[in-house]
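Since the structure comes first, as structure tokens, the remarks are kept for the end.
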Amino acid sequence: MTTHSLSSRVSAALPYAVLIIVSAALWHFANRIDVAARPGQLGPDFWPKLAIGLMAIVSMVELVRAVISPNHSEAHGITDQLEAAEPLPDAEELNDRSIPLLLGGMGLCVAYALLLGVIGFPLSTFCFLVAFIYLGRFRRHGTIWAAALIGTVVLSFLFLKVVYVSLPRGIAPFDAVTDFIVGLY
Amino acid sequence: MLDILTQLGAGFIACFTPIHMLMLLVGLVVGLLVGILPGLTLVMGVVLFLPFTYQMEVTAAIILLTAMYVSGTYGGAFTSILFRIPGEPIHVPLLWDGYAMAKRGQPAKALGWTLVAALIGGLISACIMVVLTKPVADFALQFSSPEYFAIVLFGLASVIALGKGSIPSALISLAIGLLIACVGTDAIYGSYRFTFDLPILADGIEFLVVMVGAFGVAEVLARLEIGFSSAPLQGVGGTRTQLPSFKEIMALKGMMLRSTLIGHVVGVVPGAGATIASFVGYGVESQFGRQRARMGTGVPEGIVAPQSAATASVGGALIPLLALGIPGSGATAVILGAFMLHGIQPGPQVMMTSPAMVYTIFASLFIGVVAMCVLGYFAIRPLVRIMDFPEAVVSAFVMIFCFIGALSIRSNVTDLWLMLGFGVVGYLFERMRFPIAPMVLGVILGPIAEEAFMNSMISFQNDWVVFFTRPISGTILALVILTLVLPVVGPLLPRRRHVPAE
């Protein structure tokens, strides 16, 4: 077995190995569900265990198949079979991935969730929009700042004043910005 | 029949109220834009507009989302034909004949055929929908819990068999969805399941959190990773639509009707949405049509067949949604979610309890199809111009809509964290080529399936054979088996491979 084929087998099998471990952990938690069923009746743990069992069995079969033959052919859904006739342009771009961009995007999402309660919806939205557009490698500065500013004011006004969605106002002194936008008109 | 027509008439009158017309117009425009923009999918667009519907009356909300759904099957045709960029997989078949006709110097004519196909396909399908929904709902009133379980199982099996990805990965995705749906308080025994002593999990995980994360955030992250496109379009200035003559349309009336019926039937099958309808419509025409030898060279049949089938699938998909409460596709799952947010469970009962709402939605589909084509005819140039919008800016706003969607469900930041978590899960699914739709439908249909199954087992003393011995549930379960066998056997059957013209 060459190094290449070994690594391809490991990478093909890895997701299923993880899923089997997750299934085992979930089965453990399913066993701790308070079962209040009458004797002879199916309890509240039956349905989750059914889903866990399905996941575990399919994962085991796929793990074995991945180890034996990493490039095995699989039955695909009809949509896949139909679309195979004309690959979409995206398929060509898949080899050109940027992990820093992805991690940057995830980081911005996490920062948004962390800051939301502190600086409020309008400010965190404005910061997110500016940062995300720059991260997306768009460089027309005027457009970016204008789009972020107008977008923030319109969305804040629309959801806080018109649609009445309860969005975080932020703590003092940042809540003043929210109050200012809501106070418009 | 007279009763149906009377109610439909009342539906038209109700539909012409200012708020309903406004929602219809907004839905159509947004649906067209979503169909045109490559970074946005139809389902994502419908999901992102859910927060706007919270404070709306339910009929207006459903009109908005249904209008987006129907016009989303049409908008992507413009860019497929003009620039060889399908906004959605639905419009991939239009690359073969639509783009070929445009390359031959007849883009306006190709767009005209698309418009006629969407109009006729949509209207005929809407007529069939109106006629069939009531009888299907009446029939479904005879159903007991085993039949409901079998129907839901059929819906889930169809999503696996007809959707994207390999069958094993679709099964795993479904199992994960069923498990997510288990989180919270069990409906029958009141036991806590997978709550880990977190109060917010005792109420369960809102399926909207899963949908917004898996469809919205995951898609944006995946596109960010490969880099947003920002190349401006060329040659938009002269874009216009040239309608075919009445004589030309009449020459294709048979195939138009055939493709419409195919699209409608495909739409009715849970799991088979507009994409499959479009491909099957094109496939049937290229196998059996009068012009089969010329398909792929820019003939009208190659444009009309997929477009009429795609638009007709919407009317078909609304039948199981309204009559049985079973969403057949991602978009109808969101519409089901909108119903449930307003405290309405679609199904046979809704035809009896809220006929005014149902027939107003029906009427909106008729008006929507016509208005969509009018918009497509007159506003094609500004609509196509939207592709000049930088994808980074559009995506940033999509993310904000996702955040608002999560926050507006329970006004709780925990939902935002959960949504981001499902965004990462959705991204990993995309990377590992696991389909997302089975997971989302598992989350939505899981509780319905579990309740029907558990009630059946309680009512029939744990006799699981009852699912097979009752005529209706037995027949449906046979269909479930057939559906799951189809994708395994399908590739083994001999077929003619279509070679697109260059």
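Protein sequences, first through last, are from chains B and Y. With the first sequence counted from 1, adding 1315 to any position gets you this note's numbering. With the second sequence counted from 1, adding 660 to any position gets you this note's numbering. Where is the CB? At the ideal position from N, CA and C, for every residue including glycine.
In this structure, does DSSP put residue i in helix, strand or coil?
i, result
"Pro1147 (chain Y)", "helix"
"Gly935 (chain Y)", "Reading off the sequence shown, one finds Thr at residue 935 (chain Y), where the question assumed Gly. DSSP places Thr935 (chain Y) in helix when its eight states are reduced to three."
"Tyr852 (chain Y)", "strand"
"Gly1485 (chain B)", "coil"
"Ser826 (chain Y)", "strand"
"Ala1406 (chain B)", "Per-residue confidence for Ala1406 (chain B) stands at a pLDDT of 45, beneath the threshold of 50, marking its modelled position as unreliable; the derived number appears in the next sentence. Helix, per DSSP."
"Thr713 (chain Y)", "helix"
"Thr1129 (chain Y)", "helix"
"Gly844 (chain Y)", "strand"
"Tyr1427 (chain B)", "helix"
"Ile1096 (chain Y)", "coil"
"Met1079 (chain Y)", "helix"
"Trp1124 (chain Y)", "coil"
"Leu858 (chain Y)", "coil"
"Asn607 (chain Y)", "Any property of residue 607 (chain Y) remains undetermined from this structure, which presents chain Y solely from 661 to 1162."
"Thr899 (chain Y)", "coil"
"Ser1176 (chain Y)", "Only positions 661 to 1162 of chain Y appear in this structure, which leaves residue 1176 (chain Y) out of reach."
"Pro1354 (chain B)", "coil"
"Gln667 (chain Y)", "helix"
Going along chain Y in order, which residues have a C-beta closer than 8 Å to the C-beta of residue i?
i, result
"Leu1416 (chain B)", "Leu884, Glu885 and Gly887"
"Trp1460 (chain B)", "By Cβ distance, chain Y contributes nothing, its closest Cβ being about 12 Å from Trp1460 (chain B), past 8 Å."
Just the chain B side, please: which residues come within less than 9 Å of residue i by C-beta, in chain order?
i, result
"Trp1124 (chain Y)", "Correct list: empty, because the minimum Cβ distance to chain B is about 10 Å."
"Met1017 (chain Y)", "Within 9 Å Cβ-Cβ: nothing; Met1017 (chain Y) doesn't reach chain B, min ~21 Å."
Under a CB-based cut-off of 8 Å, is residue i close to chain Y?
i, result
"Asp1494 (chain B)", "no"
"Ala1406 (chain B)", "Its pLDDT being 45, under 50, Ala1406 (chain B) is placed unreliably by the model, and the measurement read from it follows with that caveat. Taking Cβ atoms only, chain Y never reaches closer than 8 Å to Ala1406 (chain B), which makes this a no."
"Ser1471 (chain B)", "no"
"Cys1442 (chain B)", "no"
"Ile1335 (chain B)", "no"
"Ser1320 (chain B)", "no"
"Ser1288 (chain B)", "No information on residue 1288 (chain B) is available, as it lies outside the stretch 1316 to 1500 that chain B covers here."
"Val1497 (chain B)", "no"
Give the residues of chain B in contact with residue i, contact being defined as C-beta atoms less than 7 Å apart.
i, result
"Glu945 (chain Y)", "Near Glu945 (chain Y) there are no residues of chain B at all, since even the closest Cβ is about 14 Å away, more than 7 Å."
"Asp846 (chain Y)", "Pro1359"
"Phe1063 (chain Y)", "Tyr1427"
Should residue i and residue j be called a contact, given that it needs their Cβ atoms to be closer than 8 Å?
i, j, result
"Gly975 (chain Y)", "Ile848 (chain Y)", "no"
"Gly735 (chain Y)", "Gly772 (chain Y)", "no"
"Gly873 (chain Y)", "Gly1086 (chain Y)", "yes"
"Ala1052 (chain Y)", "Phe1453 (chain B)", "yes"
"Pro1008 (chain Y)", "Leu668 (chain Y)", "no"
"Ala835 (chain Y)", "Ala1366 (chain B)", "yes"
"Gly1420 (chain B)", "Leu813 (chain Y)", "no"
"Ile986 (chain Y)", "Thr774 (chain Y)", "no"
"Leu645 (chain Y)", "Ile979 (chain Y)", "The requested residue 645 (chain Y) is not part of the displayed model; chain Y covers only 661 to 1162."
"Leu1423 (chain B)", "Phe1447 (chain B)", "yes"
"Ala737 (chain Y)", "Leu754 (chain Y)", "yes"
"Ser968 (chain Y)", "Gly941 (chain Y)", "yes"
"Lys794 (chain Y)", "Ile664 (chain Y)", "yes"
Please check if any C-beta of chain B sits within less than 8 Å of the C-beta of residue i.
i, result
"Met704 (chain Y)", "no"
"Tyr808 (chain Y)", "no"
"Pro711 (chain Y)", "yes"
"Arg853 (chain Y)", "yes"
"Tyr1037 (chain Y)", "no"
"Ser1071 (chain Y)", "yes"
"Leu831 (chain Y)", "yes"
"Gln715 (chain Y)", "yes"
"Ile679 (chain Y)", "no"
"Phe1057 (chain Y)", "yes"
"Val1010 (chain Y)", "no"
"Met1114 (chain Y)", "yes"
"Pro1050 (chain Y)", "yes"
"Leu1209 (chain Y)", "Outside the displayed range of chain Y (661 to 1162) lies residue 1209 (chain Y), so it cannot be described from this structure."
"Glu1162 (chain Y)", "Only weak support is given to the placement of Glu1162 (chain Y): the predicted model assigns it a pLDDT of 42, under 50, and the value that follows is read from those uncertain coordinates. So, not an interface residue."
"Leu1067 (chain Y)", "yes"
"Glu1110 (chain Y)", "yes"
Can you list the residues of chain Y that residue i reaches, using a CB-CB cut of under 9 Å?
i, result
"Ala1366 (chain B)", "Leu834, Ala835, Ile836, Gly837, Leu838, Leu839, Ala841, Cys842, Gly1102 and Gly1106"
"Ser1413 (chain B)", "Leu884, Glu885, Ile886 and Gly887"
"Arg1452 (chain B)", "Gly887, Phe888, Ser890 and Ala1052"
Identify the contact partners of residue i in chain Y, using a Cβ-Cβ distance below 7 Å as the criterion.
i, result
"Asp1490 (chain B)", "Within chain Y, no residue comes near Asp1490 (chain B); the closest Cβ sits about 16 Å away, beyond 7 Å."
"Gly1466 (chain B)", "Phe1057"
Item to check | Inside the region 998 to 1024 of chain Y only - alpha helix (DSSP H) runs reaching at least 4 residues | outcome: 1008 to 1013
Checklist entry - Whole alpha helix (DSSP H) runs in the region 1356 to 1386 of chain B with 4 or more residues, listed along the chain? => result 1361 to 1383
Checklist entry - Mind pulling the beta strand (DSSP E) runs of 3 or more residues that sit fully within the region 1322 to 1352 of chain B? => result none
Next on the checklist: Restricting to runs no shorter than 4 residues, where is the alpha helix (DSSP H) found entirely within the region 708 to 774 of chain Y?
Outcome noted: 718 to 743 and 753 to 763
Item to check | chain D contacts from the region 911 to 930 of chain Y (Cβ-Cβ distance under 9 Å) | outcome: Protein chains B and Y are contained in the structure displayed, whereas chain D is not.
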